[in-house]
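K.L.:
Here's a structure for you.
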Amino acid sequence: MKPTVSRSHAEVVPERGARPRCKRGAVEAHHEVAAVSAGDKLGSAAWFGLLFVAAVLINRLELETAAFRNVMFVGCAAAFTLHFVPMRLRMAGFTALSLGVMVWLLGYTEGGWRCVDGLSKGAVVLGIGLVLISICRWRIGFWPRAGLLMMVGSVVGTAAGFSVGGSSWNGVWVLVASIFMFRIMVYLYDVSTSKQLPRISETAAYFALLPNMCVPLFPVVDFRTFAKSRSARSTWMLYERGVRWIVRGVIHLVLYRFVDRVISLRPEDVLTGAQVTQFVVASMLFYLRVSGVFHIVIGLLVMCGFDLPETNRRYFLASSFTDYWRRVNMYWKDFILKVFYLPTYFRFKHCGPTRALVFATLFAFLMTWILHAYQTWWLRGFLSFSWPDTLFWTVLGLLVVGNGVWELKRKPTATNRQVSVGGTVRVLLATALTAAVIAVLWSLWNTTTLSLWLTMWSHADLSTVMWFGGMLAVIMVSKFVVEVLPTASAKTIRERKSPKMRKAVYLYAMHLFVLIGIMIVSFPTTHERIPAYVRPILGCMTSASITGNIQGYYDQLLDGPQGDTTSYDYGQQDRIHKVLRPVTDLRQREMIPGLDFVRHGVRFVSNASGMHDREVPVAKPPGTIRIAVLGSSHVMGWGVTHDQVLSRLLERKLNNTASLVNRCEVLNFAVSGYSPLNQLGLIEHSVRRYSPDIVLFVSHSVDQEWTVMHTQRVRAEDTKCPYSYIEQTLLECDIAKTSNEILARCRLLPRGREITAWAYQQIVVECQTIGALPVAAFAPLPREGELLRRLASNRGVKDALQLEDLMASGFVVMDLRTVFDGRQSGELALRRWEGHYSHLAHQLVAEVLFDQMMNNTTVQEVLQRPVATN
Amino acid sequence: MKRRTDVQASVREFILSEFLAGEDPSLLSNDTALISAGILDSIGTLKLVAFLEERFDISLAAHEATAEHLDTIARITELVMDK
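Below, the structure is given as structure tokens:
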């Protein structure tokens, strides 16, 4: 398929210094400039507004790493600032901002942010960069320069390999690699083939690309394209493109979450023919994450005034293998084409075009294969060559060679041939065939061993073909609607020449609609207004957790360097997992004893029994009333110290009360992510040994969703569950071990309230068995502020129902629903984008809880009862 | 001695016949983007290079087979005239 002639590019991007096409009077020209200027200001402001909405959404959805999200905000501010910077200073301004962000990110250490660390690490990155760039600019032969670059690379590689500077320097080596591993090759090539040395300002800006400071897997931006991309027209048209790509990136990342949580499954879990197709399709769709990130980072650079080309373009709709190669990661294709393919082709040109093309394509794919391993080594610290990897690049390379030879020998045909029925059918079938082969190849690349891949395919049957046919039908319909139809009617559209402003307003409204739509969906209160069976699907698209079912090549790289938990904050998810470890009983996870680390400047210490608390003897001291506090991460005190957590604050208040004759000990048994179901396991495993007099269970509005999630996990993880009710429920809901996590939850959710109420009753029974008074405190979460409550009026009804269930179960209930009234959710949450209780929230909950306990006669009876003092 | 107008006409004719058969020739101007707009892909670019070398008896280098030199008829003409 050939595109039709388009004049749009020539019209929108005039050559620098080009003269106007037609002569106009001076007055007329002046009026036009003034009108464009006023409209442009308004348009630019509008698109910048949308950019900030996109940045807020990226934070709201917790897309990618924390550093990525923060840099999005900084990038927005930088882009806005650069809009007002005179053109001659923009490169320098951009470089300064990027270097500032680099120092800021590198300054994060285990002990919080330290300027000295940021500056010293930044100086090392800068020093290495200066050496590499100086070598490239040295007026000696190409190969001596290449040799010197390899030598410096080996030294830096050795430093990275031996972790020079310790684990906190991992981020530095990864950053150096991410910036220079490919771009220095491009730069050397361009310097060597240029008559003049590139400007220093362009060189500095090229290597100091702002979003690269937080994204290790970065598109290989071409130096010449970048140097020429400094747009002389920072108009709304440029910003429109930047925002369009960022919004597209957000959509890709949200869809990636859907694929990860709903469609993906591990290759070893494939047991049926339909699951074969499921795995294959998910493997292909996993690239959405890369294209999403690339769209966002390049969109951000465009917003900073760099008129860069697109990174990926409708790659699922490619109609041949060469077409796929050109559409997917276009920056990589251009890099390989420029540095390896064309030089090889020209070297073998004397052998004839066909042979030269075959040699050049094979060499390009060989280098692609080697450079992917090289990239893994720099970013992850190990070389990865495997049979699936080798086969993937070999087969794809051979297909592209065959396709390329065919294209080279093909006779010219009319570009509008696809308008005919025969042409359309051919294009659609070619698209389906390409998608099918590419999907199969992706499934190969995303499987760790060839035998596992073959075992997975041994389950293929007729249903595999049928589901695959369905997927291909979707692709063909998309191709027809998105590409074939518009091409057929392109001429008509061009002749109509709709006003640009109208189109811009339409585009703006569409993007605003998409952003606001995703934003609304991301609020938990929205989920409560939609049918239960789709709630988990929406929930998974707006939740940051990833299954890790498919660990493809790019996923490993985007997840960041192993062991680095500071400058990039890449290890945040790992760290959360490292706090807990899986267990086979009903707790499902337990806190690892003896933890001691600093996160976001706050020390997190767990005791020898795996509690976020001081060391506590199992035997109850004489003259002491023990209260065991059960809850989730909010109650556990994620992000606050032992002294700031509500259990300690409550203990202090109780012991400072003169009217109490006994000493009170409030123990923090709360664990991150625990649902009422896990609390049952916890009582059985730990709490009972400490002989509490009161078990204080802090309940939240998320109890139902979490209980459903953990009920499904009982089957998925073969949890040892002594309760026949859970087993019966899983059977009734047809939940098997291999059931898709999200779909299983969809089936369980209609019974969520029933299961949760049962868990409450069992907690009460267990408490009574160990002789403790069961007390439940229903407390809101910081994000459920007054405004959201008003917006979602049924939240109050649901809370009331949950309170009813707690009371009906036999708990002594403390109603804390109004504890945060009059407070802003911002001051109650740990951070703006992290919803855990702040110190203030802990204080407020502890105070109200204390008051209600003191006014409750049943609790008072326990607190005041005589206990042995020796 | 090559004449600029002849080079332009030859290149234009080649592009229209090889890559834009059936299109309205009046839409192809000297400033129409060829590579960046997708009219010329990598293999199309190689075909164009082969044509230029044969038609004008010149030799192009690998780094000249890029959008910087071949993106528009005007740039292609400039490249050929410089040889």
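Chains A and B supply the protein sequences, listed in that same order.
In terms of my numbering, the first sequence has 622 at position 635, counting the first letter as 1, and numbering is strictly consecutive.
Here my numbering = 1-based position in the second sequence + 1.
Glycine included, C-beta positions come from ideal geometry on N, C-alpha and C.
In this text the structure is predicted, and so the values were computed from the model without any measurement.
Quick one: give me the first and last residue of the beta strand (DSSP E) that residue 763 (chain A) is part of.
P.N.:
Unbroken beta strand (DSSP E) run through residue 763 (chain A): 760 to 765.
K.L.:
Along chain A, which residues have their Cβ under 7 Å away from the Cβ of residue 67 (chain B)?
P.N.:
The contacting residues are 325.
K.L.:
Can you pull the chain A neighbours of residue 44 (chain B), defined as C-beta to C-beta under 8 Å?
P.N.:
In chain order: 309, 344, 391, 394, 395.
K.L.:
With residue 750 (chain A) and residue 684 (chain A) assumed to form a contact (beta carbons below 8 Å), what rounded beta-carbon distance in angstroms separates them?
P.N.:
Going by Cβ atoms, the distance from residue 750 (chain A) to residue 684 (chain A) rounds to 6 Å, so yes, they are a contact pair.
K.L.:
With burial defined as no fewer than 16 other Cβ atoms inside 10 Å of the residue's Cβ, what is the status of residue 206 (chain A): buried or exposed?
P.N.:
Looking at its Cβ environment, which holds 16 or more other Cβ atoms inside 10 Å, residue 206 (chain A) is buried.
K.L.:
Could you give the DSSP three-state label for residue 419 (chain A): helix, strand or coil?
P.N.:
Looking at residue 419 (chain A) - three-state DSSP - the assignment turns out to be helix.
K.L.:
I'd like to confirm the pairing. Which residues does DSSP put opposite residue 569 (chain A) in its beta bridges?
P.N.:
Residue 569 (chain A) is bridged to A:576.
K.L.:
Check each residue of the stretch 54 to 66 of chain B: if its Cβ is closer than 9 Å to any Cβ of chain A, include it; give the result in chain order.
P.N.:
Those would be 54, 61, 62, 63, 64, 65, 66, in chain order.
K.L.:
Taking one C-beta from the stretch 637 to 651 of chain A and one from the stretch 694 to 711 of chain A each time, how about it: are there three or more such pairs within less than 8 Å?
P.N.:
The answer is no - the stretch 694 to 711 of chain A does not touch the stretch 637 to 651 of chain A, with fewer than three Cβ pairs under 8 Å.
K.L.:
Select from A:459, A:63, A:83, A:32 the residue whose C-alpha is nearest the C-alpha of residue 46 (chain A).
P.N.:
For residue 46 (chain A), the nearest C-alpha among the options comes from A:63.
K.L.:
Going along the chain, which residues of the stretch 209 to 239 of chain A sit with their C-beta nearer than 7 Å to a C-beta in chain B?
P.N.:
If the cut-off is 7 Å between Cβ atoms, the stretch 209 to 239 of chain A has 211 near chain B.
K.L.:
Counting only C-beta atoms, is residue 37 (chain B) closer than 8 Å to chain A at any point?
P.N.:
True, the Cβ-Cβ gap to chain A drops below 8 Å.
K.L.:
So, does the CB of residue 741 (chain A) fall closer than 8 Å to a CB anywhere in chain B?
P.N.:
It does not: the Cβ of residue 741 (chain A) has no partner Cβ on chain B nearer than 8 Å.
K.L.:
Decide if residue 848 (chain A) is buried, meaning its Cβ has at least 16 other Cβ atoms within 10 Å, or exposed.
P.N.:
So residue 848 (chain A) counts as exposed.
K.L.:
So residue 536 (chain A) and residue 247 (chain A) are in contact, right, with Cβ under 8 Å, and what is the actual spacing, rounded?
P.N.:
The pair is a contact, with the Cβ atoms about 7 Å apart (cut-off 8 Å).
K.L.:
Decide if the stretch 649 to 660 of chain A is in contact with the stretch 612 to 625 of chain A; the criterion is three or more beta carbon pairs, one per stretch, under 8 Å apart.
P.N.:
Output reads yes: the stretch 612 to 625 of chain A touches the stretch 649 to 660 of chain A.
K.L.:
By alpha-carbon positions, which one of B:38, B:84, B:77 ends up nearest to residue 15 (chain B)?
P.N.:
Among B:38, B:84, B:77, the Cα nearest to that of residue 15 (chain B) is on B:77.
K.L.:
Which residues of chain B have a Cβ atom closer than 8 Å to the Cβ of residue 193 (chain A), listed in chain order?
P.N.:
Neighbours of residue 193 (chain A) on chain B: none; closest Cβ ~16 Å, over 8 Å.
K.L.:
Would you verify that the beta carbon of residue 51 (chain B) is, or is not, closer than 8 Å to some beta carbon of chain A?
P.N.:
At least one chain A Cβ lies under 8 Å of residue 51 (chain B).
K.L.:
Would you say residue 80 (chain B) lies against chain A (beta-carbon separation less than 8 Å)?
P.N.:
Not an interface residue.
K.L.:
How about residue 786 (chain A) and residue 726 (chain A): are their beta carbons less than 8 Å apart?
P.N.:
Going by C-beta atoms, residue 786 (chain A) is not nearer than 8 Å to residue 726 (chain A).
K.L.:
Under the rule that 16 or more other beta-carbon atoms within 10 Å means buried, what is residue 329 (chain A), buried or exposed?
P.N.:
It counts as buried.
K.L.:
Taking only beta-carbon atoms, is residue 47 (chain B) less than 8 Å away from chain A?
P.N.:
Closer than 8 Å to some Cβ of chain A, the Cβ of residue 47 (chain B) qualifies, so yes.
K.L.:
If residue 348 (chain A) and residue 391 (chain A) are in contact, beta carbons under 8 Å, what's the gap, nearest whole angstrom?
P.N.:
That belief holds up - the Cβ atoms of residue 348 (chain A) and residue 391 (chain A) are roughly 6 Å apart, short of 8 Å.
K.L.:
Have a look at B:26, B:30, B:33, B:71 and flag the residue whose alpha-carbon is nearest the alpha-carbon of residue 50 (chain B).
P.N.:
Residue 50 (chain B) has its Cα closest to that of B:71, out of B:26, B:30, B:33, B:71.
K.L.:
In this structure, how does DSSP classify residue 195 (chain A) when only helix, strand and coil are distinguished?
P.N.:
If DSSP states are grouped into helix, strand and coil, residue 195 (chain A) belongs with coil.
K.L.:
Can you tell me whether residue 842 (chain A) is buried or exposed? The criterion is at least 16 other CB atoms within 10 Å of its CB, across all chains shown.
P.N.:
The residue in question, residue 842 (chain A), is exposed, as its Cβ has fewer than 16 Cβ neighbours within 10 Å.
K.L.:
Kindly identify the DSSP beta-bridge partner or partners of residue 802 (chain A).
P.N.:
A:765.
K.L.:
Let's see if you can read the secondary structure: which residues bound the alpha helix (DSSP H) around residue 118 (chain A)?
P.N.:
Counting along the chain, the alpha helix (DSSP H) containing residue 118 (chain A) begins and ends at 102 to 124.
K.L.:
Comparing the C-beta of residue 301 (chain A) with each C-beta of chain B, is any distance below 8 Å?
P.N.:
Judged by the 8 Å Cβ criterion, residue 301 (chain A) is not in contact with chain B.
K.L.:
Would DSSP call residue 651 (chain A) helix, strand or coil?
P.N.:
Note: residue 651 (chain A) maps to strand in three-state DSSP.
K.L.:
Looking at the strands, I want to know which residues DSSP matches up with residue 591 (chain A).
P.N.:
Partner(s): A:584.
K.L.:
Name, please, each residue of chain B whose Cβ falls closer than 7 Å to the Cβ of residue 180 (chain A).
P.N.:
Simply 64.
K.L.:
Buried or exposed for residue 7 (chain B), please, with buried defined as at least 16 other CB atoms from any protein chain shown within 10 angstroms of its CB.
P.N.:
Exposed, since its Cβ has fewer than 16 Cβ neighbours within 10 Å.
K.L.:
If the cut is a Cβ gap below 9 Å, which residues of chain B does residue 313 (chain A) touch?
P.N.:
In chain order: 39, 42, 43.
K.L.:
What in chain B is Cβ-close to residue 350 (chain A), meaning under 9 Å?
P.N.:
In chain order: nothing, as chain B lies at least about 13 Å away.
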